[in-house]
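Here's the structure, in structure tokens; my notes come after.
Residue numbers (the numbering used here), protein chains in the order written: chain A, 2 to 333; chain B, 2 to 333.
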């Protein structure tokens with residue numbers, strides 16, 4: 002039903018550790034899955050020309066520069082990188098050649114390019130990066146995941162307002178429950194920054210329910226958890242790092258006690274299904290606050306994740322989110 | 002060898018969710034395990050008298066007040082709680098009736114009482130709370146775990162110096178590798194507070210190796226990871242919460258695919274041994290910065306954890322730690 006609307010996503014062919022091969026594979030998966038999805042692919046001629054010739058839903062846009070993951074993200078907005086795939090893909094969104102931008106490249110570079118080229122909403126002071134973490138009850142949005150290491154209470158209020166519009170328009174959650182990441186659930190807990198923020202959110206943020214502790218990011222108590230980008234990043238990496246380490250410890254621990262081949266196979270399948278359940282299916286993180294859809298995949302994305310990210314971009318482009326944000330935060 | 006030195010630990014009978022029964026059981030385990038360990042037990046007469054009569058290594062000290070976990074921790078230093086078990090046990094350390102204080106009660110209350118009664122070292126601005134998190138290579142000390150939500154860079158320098166003395170004198174690590182919790186390992190990463198702290202630690206902290214990310218708290222890259230109490234608490238709870246949720250998800254996921262009773266038993270044993278491996282064996286957290294040994298158990302401690310905490314207190318009291326800290330930070 003939703004997929005009936007034609008949508009064009011601008012994709013950076015050079016984003017991620019496994020680019021461009023993996024990106025091309027992901028693009029193919031995505032356009033095959035969604036009949037009304039088209040891709041404007043941005044990348045080096047040698048890397049993308051023959052792929053685009055073979056796929057009539059993918060249009061080639063040749064660029065001459067590549068910003069590597071190891072490059073300083075801020076370089077992306079310098080003149081020497083004007084013809085790189087990230088910049089040109091953002092320009093395609095700005096010029097309405099595409100309705101969304103997807104890259105699995107450097108988060109910092111994508112956010113910087115999008116902020117400069119697609120531009121912030123008039124009343125948004127800082128864009129933020131959100132992601133949905135799986136919980137037993139569905140998923141919880143964490144905002145900000147790392148775009149803004151230093152924040153004001155007002156920044157967090159805006160992150161909450163934007164994440165709330167995302168939850169309503171993309172996740173179908175009408176009255177999202179919003180928490181503030183702190184070191185205790187009681188109102189009196191926090192550092193001086195979160196105490197000041199808590200007071201502002203109580204006064205001004207619809208759906209604000211008070212402090213959240215780290216485990217609440219994954220236990221389904223809240224639809225949205227707010228944090229400055231420094232603490233959000235610390236919590237996110239702690240959750241991801243612990244999951245990864247535990248899965249590997251459990252696998253080796255179980256393998257050594259269950260020696261039979263059937264047992265090993267059952268465990269493998271069981272852990273695999275759990276891993277699927279625990280990983281997000283939006284294929285990356287979302288930049289909120291710029292006047293267009295921007296989705297940024299993990300650097301280690303596989304073809305399936307790239308495809309998920311492009312399909313998420315298309316879903317967002319077909320939604321009313323950017324219009325609603327325009328109404329709320331003003332066109333520039 | 003180490004255990005040959007007689008040591009007395011002051012124990013709060015009313016600390017923790019399962020007090021006093023669980024504390025008494027833990028005390029019994031500890032004194033049975035360590036022939037030269039004696040306990041001064043502080044608590045309500047009805048709760049501890051008969052237990053102490055039956056255990057000749059445990060001396061009863063009757064108190065009339067109990068600070069509940071739900072009480073404001075700051076109440077502990079008010080006159081109305083002067084005769085509570087936490088305060089009286091701290092006084093026993095101050096008066097040399099005991100060489101260490103153990104409680105599984107409110108962390109905030111224990112830290113407040115110890116700071117006021119046992120008192121800080123002359124040159125320590127703020128005590129901190131540390132704990133050791135298990136890693137595949139041993140364990141990593143996290144400081145501060147939550148005592149100080151707002152910190153100065155100088156506070157973190159002192160936490161690093163104190164944790165380093167702990168690692169050397171208690172864990173036998175001669176040159177501990179110290180990291181600063183941040184949102185990226187590169188020197189340039191961080192918020193304004195951690196950037197300023199990073200510069201100070203580079204200049205003044207022996208063994209400082211730069212920024213650490215959350216997963217480094219559990220992967221063995223560092224012996225000590227420093228954070229303000231707010232971020233340290235967020236990282237700690239994210240790690241603990243994720244472990245807990247994953248263990249329970251894995252258990253149910255495996256149980257449903259492996260229906261046979263033998264399979265279920267093997268899984269149970271395997272997860273149990275993993276859980277043991279993943280949990281600390283110091284029985285709680287340690288308050289560093291006051292002129293005496295203070296160990297604070299988890300609120301949900303079982304008898305085994307209480308016993309571990311008391312044995313850790315004894316180990317610390319027998320070590321040279323407090324003398325070394327006196328030399329470094331000055332008696333008051």
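No residue lacks a Cβ here, since even glycine has one placed at the ideal position from N, Cα and C. Predicted model, so just to flag it, every value in this text is computed and none were measured.
| message | Relative to the C-alpha of residue 90(B), which candidate in 69(B), 115(B), 327(B) and 75(B) has its C-alpha closest? | response | For the purposes of this step, residue 90(B) is taken as the residue at position 89 of the second chain. Measuring C-alpha to C-alpha distances from residue 90(B) to each of 69(B), 115(B), 327(B) and 75(B) identifies 115(B) as the nearest.
| Same chain, Cβ closer than 8 Å to residue 37(A), five either side skipped, listed in chain order | For the purposes of this step, residue 37(A) is taken as residue 36 along the first chain, with counting starting at 1. Here the set comprises 4, 5, 6, 7 and 8.
| Using a C-beta cutoff of 8 Å, does residue 212(B) count as contacting chain A? | Taking the first residue of the second chain as 1, we reach residue 212(B) at position 211. Closer than 8 Å: no.
| Counting only beta-carbon atoms, is residue 244(A) nearer than 8 Å to chain B? | Working through the first chain from its first residue, we reach residue 244(A) at position 243. Yes - at least one Cβ of chain B is within 8 Å of the one on residue 244(A).
| Looking at the C-beta of residue 191(A), does it have a partner C-beta in chain B at a distance below 8 Å? | In the first chain, the residue the question calls residue 191(A) occupies position 190. For residue 191(A), the nearest CB of chain B lies under 8 Å from its own CB, placing it at the interface with that chain.
| request: Locate the alpha helix (DSSP H) running through residue 329(B), then write down its first and last residues. | output: Position 328 of the second chain, counting from 1, holds the residue named residue 329(B). Residue range 322-330 is occupied by the alpha helix (DSSP H) that includes residue 329(B).
| Which same chain residues, not among the five before or five after residue 290(B), have their C-beta less than 7 Å away from its C-beta? | Residue mapping note: residue 290(B) aligns to position 289 of the second chain, counting from 1. Within the same chain, Cβ atoms closer than 7 Å to the Cβ of residue 290(B) are found at 121, 122, 125, 127, 128, 129 and 163, the five residues on either side in sequence being excluded.
| query | Which residues, in chain order, does the region 209-236 of chain A contribute to contact with chain B at a C-beta distance below 9 Å? | reply | The region 209-236 of chain A vs chain B, Cβ under 9 Å: 214, 215, 216, 217, 218, 219, 220, 228, 229, 230, 231, 232, 233, 234, 235 and 236.
| query | With 16 other CB atoms within 10 Å as the buried threshold, where does residue 244(B) fall? | reply | As a working note, residue 244(B) is residue 243 in the second chain. Looking at its Cβ environment, which holds 16 or more other Cβ atoms inside 10 Å, residue 244(B) is buried.
| field | Candidates 63(A), 87(A) and 193(A), of which the one nearest residue 69(A) by Cα | value | As a first step, residue 69(A) must be located in the first chain, where it is residue number 68. Among 63(A), 87(A) and 193(A), the Cα nearest to that of residue 69(A) is on 87(A).
| request: Give the C-beta separation of residue 230(A) and residue 326(A) to the nearest angstrom, bearing in mind that I take them to be a contact with Cβ-Cβ under 8 Å. | output: In the first chain, residue 230(A) corresponds to position 229, counting from 1. In the first chain, residue 326(A) corresponds to position 325, counting from 1. Taking C-beta atoms under 8 Å as the contact rule, residue 230(A) and residue 326(A) fail to qualify, at a distance of about 20 Å.
| Going by alpha carbons, who is nearest to residue 108(B) out of 83(B), 18(B) and 158(B)? | The residue given as residue 108(B) occupies position 107 in the second chain. Ranking the options by Cα distance to residue 108(B), first place goes to 18(B).
| Any residues in the region 180-206 of chain B with a beta carbon nearer than 7 Å to a beta carbon of chain A? Which ones, in chain order? | For the region 180-206 of chain B, the set of residues with a beta-carbon nearer than 7 Å to any beta-carbon of chain A comprises 182, 184, 191, 192 and 193, in chain order.
| task | For residue 198(A), I'd like the list of residues in its chain whose CB is within less than 7 Å of its CB, leaving aside the five on either flank, ordered along the chain. | result | Residue numbering aside, residue 198(A) sits at position 197 when the first chain is read from its first letter. Closer than 7 Å at the Cβ level, and outside the excluded window around residue 198(A), lie 154, 157 and 181.
| query | Using a C-beta cutoff of 8 Å, does residue 240(B) count as contacting chain A? | reply | As a position in the second chain, residue 240(B) is number 239, starting the count at 1. Yes, contact with chain A.
| Taking Cβ positions only, does residue 147(B) come closer than 8 Å to chain A? | Looking up residue 147(B) in the second chain gives position 146. Residue contact check for residue 147(B) against chain A: a CB pair falls below 8 Å.
| residue 150(A) touches chain B at which residues, Cβ-Cβ below 7 Å? | In the first chain, residue 150(A) corresponds to position 149, counting from 1. Simply 184, 191 and 192.
| field | residue 413(B) at chain A interface by Cβ criterion, 8 Å | value | Because chain B spans 2 through 333 in this model, residue 413(B) falls outside it and cannot be assessed.
| field | Presumed contact (8 Å Cβ cut-off) between residue 235(B) and residue 208(B), rounded CB distance | value | In the second chain, residue 235(B) corresponds to position 234, counting from 1. In the second chain, residue 208(B) corresponds to position 207, counting from 1. At roughly 24 Å, the Cβ-Cβ gap does not stay under 8 Å, so residue 235(B) and residue 208(B) are not in contact.
| Which residues DSSP lists as bridging residue 144(A), in chain order | One-based indexing of the first chain puts residue 144(A) at position 143. Answer is 131(A) and 227(A), bridged to residue 144(A).
| message | Quick check: the region 90-105 of chain B against the region 290-306 of chain B, are at least 3 beta-carbon pairs closer than 8 Å? | response | At 8 Å Cβ cutoff, the stretches touch.
| query | Would residue 29(A) be called buried (16 or more neighbouring beta carbons within 10 Å of its own) or exposed? | reply | Within the first chain, numbered from 1, the residue matching residue 29(A) stands at position 28. With 16 or more other Cβ atoms within 10 Å, it is buried.
| request: Figure out for me which residue from 202(A), 330(A), 11(A) and 51(A) has the closest Cα to the Cα of residue 98(A). | output: Indexing the first chain from 1 puts residue 98(A) at position 97. Among 202(A), 330(A), 11(A) and 51(A), the Cα nearest to that of residue 98(A) is on 11(A).
| field | Alpha-carbon to alpha-carbon, residue 50(A) and residue 57(A) | value | As a first step, residue 57(A) must be located in the first chain, where it is residue number 56. As a first step, residue 50(A) must be located in the first chain, where it is residue number 49. Computed Cα separation, rounded: 12 Å.
| Taking the DSSP output, what are the residues bridged to residue 179(A)? | Counted from its first residue, the first chain places residue 179(A) at position 178. In DSSP, residue 179(A) forms a bridge with 209(A) and 225(A).
| Residue ranges of each alpha helix (DSSP H) within the region 81-120 of chain B, 4 or longer | Within the region 81-120 of chain B, the complete alpha helix (DSSP H) runs of at least 4 residues are 86-95 and 108-115.
| request: Have a look at residue 63(A) and residue 247(A) and give me their C-alpha separation to the nearest angstrom. | output: Mapped onto the first chain, residue 63(A) falls at position 62. Mapped onto the first chain, residue 247(A) falls at position 246. Using only the alpha carbons, I get a separation of about 43 Å.
| said: Run through the DSSP bridge pairs and tell me what residue 62(B) is partnered with. | reply: Numbered from 1 along the second chain, position 61 holds the residue referred to as residue 62(B). Residue pairing by DSSP puts residue 62(B) in a beta bridge opposite 43(B).
| field | Range of the contiguous beta strand (DSSP E) that encloses residue 291(B) | value | As a working note, residue 291(B) is residue 290 in the second chain. Taken as a continuous stretch (DSSP letters only), residue 291(B) belongs to no beta strand (DSSP E), as it is neither H nor E.
| message | I need the boundaries of the beta strand (DSSP E) containing residue 11(B), first residue and last residue. | response | What you label residue 11(B) is simply residue 10 of the second chain in a count that begins at 1. Residue range 8-13 is occupied by the beta strand (DSSP E) that includes residue 11(B).
| Would a C-beta distance cut-off of 8 Å place residue 46(B) and residue 215(A) closer than the cut-off? | Here residue 46(B) corresponds to residue number 45 of the second chain, with the count starting at 1. Here residue 215(A) corresponds to residue number 214 of the first chain, with the count starting at 1. No, Cβ-Cβ distance for residue 46(B) and residue 215(A) is not below 8 Å.
| field | Partner residues on chain B for residue 134(A), Cβ-Cβ distance less than 9 Å | value | The residue you call residue 134(A) lines up with position 133 of the first chain. Within chain B, no residue comes near residue 134(A); the closest Cβ sits about 10 Å away, beyond 9 Å.
| Out of curiosity, what's the CA-to-CA distance linking residue 142(A) and residue 148(A)? | Locating residue 142(A) in the first chain gives position 141, where the first residue counts as 1. Locating residue 148(A) in the first chain gives position 147, where the first residue counts as 1. If I take the Cα positions, the gap works out to 15 Å.
| Name the chain A residues that come within less than 7 Å of residue 247(B), Cβ to Cβ? | Taking the first residue of the second chain as position 1, residue 247(B) is located at position 246. The answer, in chain order, is 244 and 247.
| request: For residue 2(A), I'd like the list of residues in its chain whose CB is within less than 8 Å of its CB, leaving aside the five on either flank, ordered along the chain. | output: Counting from 1 along the first chain, the entry for residue 2(A) is found at position 1. Only weak support exists for where residue 2(A) lies, its pLDDT of 46 falling under 50; the coordinates are left without a value.
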